[in-house]
Structure formats: structure tokens, C-alpha cells
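For reference, the structure is listed below as C-alpha cells.
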Amino acid sequence: MLGALALAIILPVGSVITHAVVPPLTTLLMVERGFAGHPADYRWRKLGDISPRLVEAVIASEDARFCSHSGFDFEAIEKALKANESAKRRGRGSMRGGSTISQQTAKNVFLWPGRGWVRKGMEAGYTVLIETVWSKRRIVEVYLNVAEWAPGVYGAEAAAQHWFGKSAKDLSAREAARLAAVLPSPRRYNASSPGPYVRGRTGRIQAAMGTVRNDGLASCVLG
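The sequence shown begins at 2 in this note's numbering and counts up one residue at a time.
This is the structure we're talking about:
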């Protein structure tokens with residue numbers, strides 16, 4: 002019993018410490034998508050080889066308080082719960098999530114796709130670990146490299162090549178905003194030939210990127 006408990010503690014801590022310096026070889030999502038017929042196009046790039054505009058875009062769209070929280074944005078969670086309850090009353094189902102970039106990174110790197118209280122509990126534990134062991138810069142670096150941006154396309158470099166035919170370090174502000182705009186549903190939306198929803202979301206994200214720059218909301222990553 003004690004041995005199993007020790008293993009349950011050592012394995013997560015060891016994997017988090019390892020990935021503080023070593024890029025993940027793959028993720029469970031990549032494996033699942035591969036079995037579904039979408040082999041992974043996964044190209045790791047250091048954060049210095051990714052446009053800072055993309056950092057600003059994902060912070061603007063996904064987690065504006067990334068530099069000030071310790072892994073969980075309770076204000077965003079509360080807003081998401083209220084919005085989802087309102088949506089359910091109108092018969093539209095859940096509409097919003099409150100996960101931070103740290104939580105999404107923990108889920109993407111260490112856990113399996115899907116929902117459920119067990120997985121959410123493990124996600125919370127891994128979030129605490131990466132916020133303790135990794136720097137904010139490392140969290141964003143890993144996030145940008147393992148996120149899915151199109152079916153079978155993982156990481157900023159593969160996404161930039163797939164959608165725009167260029168390196169991630171050369172992304173413009175508009176292209177970065179488009180990539181961030183498709184993140185909620187990368188298997189549904191198109192970043193290179195966007196429809197009305199992605200165009201509108203791109204405009205809002207690009208405007209918010211100005212606030213991120215002016216207010217130093219990405220200073221823990223780009224400062």
C-alpha cells in the first residue's frame with residue numbers, strides 16, 4: 002500500500018521535473034488521434050523561435066490573468082459557471098470554460114482527452130506541480146508546442162506551416178490572432194480561410210493583444 006502511494010507521488014513529480022527541460026515525445030491526445038487516422042505533425046520549437054505575437058494572442062484569448070494567477074483563475078471559473086447555467090436555461094448547453102493556460106498544459110501533456118471528476122482532479126494536481134516546478138515561460142513554451150491547431154497538427158511551428166506556409170517565428174499579429182481564434186475547436190475551424198465566426202473572434206483577439214502589450218500582461222513570458 003505504501004509502495005503504491007509512493008509510486009503515485011513519485012511518477013507525476015518525476016515526469017513534471019523531466020519535462021521542465023525535456024520536450025514531451027508525444028501526448029495521449031496525439032496517440033488517440035493517430036489511431037483515428039490523423040498521424041501527428043509535431044515540431045518542437047523553443048519559445049525564442051516562436052513569434053511573440055502568438056504568445057500575446059493566446060494570453061489575450063485564453064488566459065488574460067496568466068501572469069498573475071498561480072494556475073487557477075477563480076474569477077474566470079465563476080463567470081464560466083454562471084454563463085453555462087444561463088445557457089442551459091436557454092436550452093443551449095454549456096458554452097464556456099474557465100481553464101487557464103496552466104490547466105490546459107497539464108491536461109495536454111500528462112492526461113487523456115475527455116471529462117470526468119477523476120481527470121479534473123488529476124489535472125488540478127498536475128497544474129499545481131507545473132506551476133511550482135516550471136517557470137511561466139516554460140508553461141507557455143510547452144503549451145504552444147503541444148496544443149492541437151488542426152486535425153493531427155500540434156505545436157506552433159506545425160500550425161504556422163500548415164495554415165500559412167511559414168515558420169512560427171514569422172507569424173504576423175493577424176495570423177497569430179487567427180491561430181488563437183481556432184484553438185477552442187481546431188478540428189472545426191480554418192485559420193487560413195476563416196468563416197464569419199473566426200474572422201470576428203480574430204478581430205477581438207487582435208484588439209485584446211494591444212491591451213496585453215500595453216498593460217504588460219505577458220511580461221512573465223516576454224519580459
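Every residue, glycine too, gets a C-beta built ideally from N, C-alpha and C.
Computed from a predicted model, the values in this text were never measured in an experiment.
Backbone CA spacing between residue i and residue j [nearest angstrom]
i	j	result
Leu-130	Ala-77	21 Å
Gly-153	Gly-72	27 Å
Arg-226	Asn-191	Coverage of the chain is limited to positions 2 through 224, which leaves residue 226 absent and any answer about it impossible.
Val-213	Val-14	32 Å
Met-96	Gly-224	Reliability of the predicted coordinates at Met-96 is poor, the pLDDT of 48 falling under 50, and no value is obtained from them.
Asp-64	Gly-35	29 Å
Tyr-144	Gly-166	21 Å
Gly-211	Gly-117	36 Å
Thr-106	Leu-112	10 Å
His-39	Arg-46	21 Å
Three-way DSSP call (helix, strand, coil) for residue i in this model
i	result
Ser-95	Reliability fails at Ser-95, whose pLDDT of 41 lies under 50, so the model's placement of it is uncertain and no value is given.
Tyr-127	helix
Asp-216	coil
Tyr-155	strand
Tyr-43	strand
Pro-13	helix
Leu-26	coil
Asn-146	helix
Range covered by the alpha helix (DSSP H) that runs through residue i
i	result
Ala-151	Here Ala-151 belongs to no alpha helix (DSSP H); instead the beta strand (DSSP E) covers 149-151.
Leu-29	29-36
Asn-109	102-111
Ser-183	First, the residue type needs correcting, since residue 183 is Val and not Ser in the sequence shown. Note, Val-183: alpha helix (DSSP H), 174-183.
Expected contact under 8 Å - CB spacing of residue i and residue j to nearest Å
i	j	result
Ala-21	Val-183	Between Val-183 and Ala-21 the Cβ distance is about 29 Å, and since that is not below 8 Å, they are no contact.
Pro-187	Glu-149	5 Å
Ser-52	Lys-170	6 Å
Ala-177	Arg-66	Not confirmed; about 20 Å, so no contact.
Residue-level contact to chain D via CB, residue i, 8 Å cutoff
i	result
Gly-126	No chain D is part of this structure, which consists of one protein chain only.
Heavy atom of the ligand ZN within 7 Å of residue i beta-carbon
i	result
Leu-145	Although the ligand ZN was asked about, the structure shown includes no ligands whatsoever.
(message) Which runs of the alpha helix (DSSP H) at least 4 residues long sit entirely within the region 49-83? Give them in chain order.
(response) List check, alpha helix (DSSP H) in window: 53-63.
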